[in-house]
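Number 167 in UniProt numbering belongs to position 167 of the sequence shown; there are no gaps in the numbering.
The beta-carbon is built from N, C-alpha and C at its ideal position, and this holds for glycine as well.
Below is one structure, written out as structure tokens, with a few remarks after it.
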Amino acid sequence: MASCSSSSNSSLRVEEKYEVFLSFTGSEDSCINFTSHLYTVLSQKQLKTFMADSLNRGDELWLAVTEVIEESKLALIIFSKDYAPSSLCLDLLVKILDCKRGKGLIVLPVFNHVDPLDVGKLSGDFGEAIFNLEEQFKEEMNRVYGWRAALEKVAYLSGWVFLATRQ
């Protein structure tokens, strides 16, 4: 199963309260480095930040992670080209946007070498990933429709864009 990964939290103590939920998939070095630096800065500012460690959908940690999202004040979503192929990251994105709507969670997308228009219009790598997920999850099309809607919504939120620059 797809995973959202990071370099911290090997176990989650549910009694801890987190202010920031950091959502990303860490399969490319640039994303891991970017997210690691972001996590360090947030920690230096004394913001208690949660990053998921190789969670699988079946793990008992899933409920604890969704609880962390519900109790957080801010969700930072780091989009990279590998984000959309991860069904787990997309499930977390849907949960994050539900909490934005229902609980007032502040959501800030960060587009790391990804064009927000590709995310919102489901084109490029994001369009290809959703097409592949539609094939993979034919029996769960409502879930896929939820992912599509979440990607379309999040692309138009205020956030940060870091595109590749020419050397």
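Handout entry: Meets three-Cβ-pair contact criterion under 8 angstroms: the region 103-119 and the region 133-144
Key = no
Practice task
Within the UniProt domain "TIR" (16-167), note down every full alpha helix (DSSP H) run reaching 4 residues or more, in order along the chain.
Solution key: 29-44, 61-71, 87-103, 116-120, 124-136, 141-154
Practice task
Could you name the residues of the same chain whose beta carbon sits closer than 6 angstroms to that of residue 90, not counting the 5 residues immediately before and after it, in chain order?
Solution key: Against the sequence shown, residue 90 aligns to sequence position 90. 147.
Handout entry: Through-space distance from residue 155 to residue 103, alpha-carbon basis
Key = Position 103 of the sequence shown, counted from the start, is the residue given in the question as residue 103. Position 155 of the sequence shown, counted from the start, is the residue given in the question as residue 155. Roughly 20 angstroms between the two C-alpha positions.
Handout entry: Separation of residue 160 from residue 41, as counted between CA atoms
Key = Sequence index remark: in the sequence shown, residue 41 carries index 41 (1-based). Sequence index remark: in the sequence shown, residue 160 carries index 160 (1-based). Each residue's Cα considered, the two are about 16 angstroms apart.
Problem - Supposed contact pair residue 25 and residue 39 - C-beta distance, whole angstroms, cut 8 angstroms - result: Here residue 39 is taken as the residue at index 39 of the sequence shown, counted from 1. Here residue 25 is taken as the residue at index 25 of the sequence shown, counted from 1. Actually they are not in contact, since the Cβ atoms of residue 39 and residue 25 sit about 15 angstroms apart, beyond 8 angstroms.
Exercise for the section: Spatial neighbours of residue 106 within its chain, please: CB distance less than 6 angstroms, with the 5 preceding and 5 following residues excluded, ordered by chain position. Expected result: The residue given as residue 106 occupies position 106 in the sequence shown. Counting only Cβ-Cβ distances below 6 angstroms, and skipping sequence neighbours, we find 74.
Exercise for the section: Kindly indicate which residue of 72, 81, 85 has the alpha-carbon position closest to the one of residue 137. Expected result: As a first step, residue 137 must be located in the sequence shown, where it is residue number 137. Measuring from the Cα of residue 137, the nearest candidate turns out to be 85.
Exercise for the section: May I have the straight-line CA-CA distance separating residue 77 from residue 139, to the nearest angstrom? Expected result: In the sequence shown, the residue the question calls residue 77 occupies position 77. In the sequence shown, the residue the question calls residue 139 occupies position 139. About 27 angstroms.
Practice task
Look at the Cβ atom of residue 120, then the Cβ atom of residue 151, and state whether they are nearer than 8 angstroms.
Solution key: For this step, residue 120 is matched to residue 120 along the sequence shown. For this step, residue 151 is matched to residue 151 along the sequence shown. Their beta carbons are under 8 angstroms apart, which means residue 120 touches residue 151 by this criterion.
Handout entry: Nonlocal neighbours in the same chain, by C-beta distance under 6 angstroms from residue 99, ignoring five residues either side
Key = Residue numbering aside, residue 99 sits at position 99 when the sequence shown is read from its first letter. These residues qualify, in order along the chain: 69, 70, 105.
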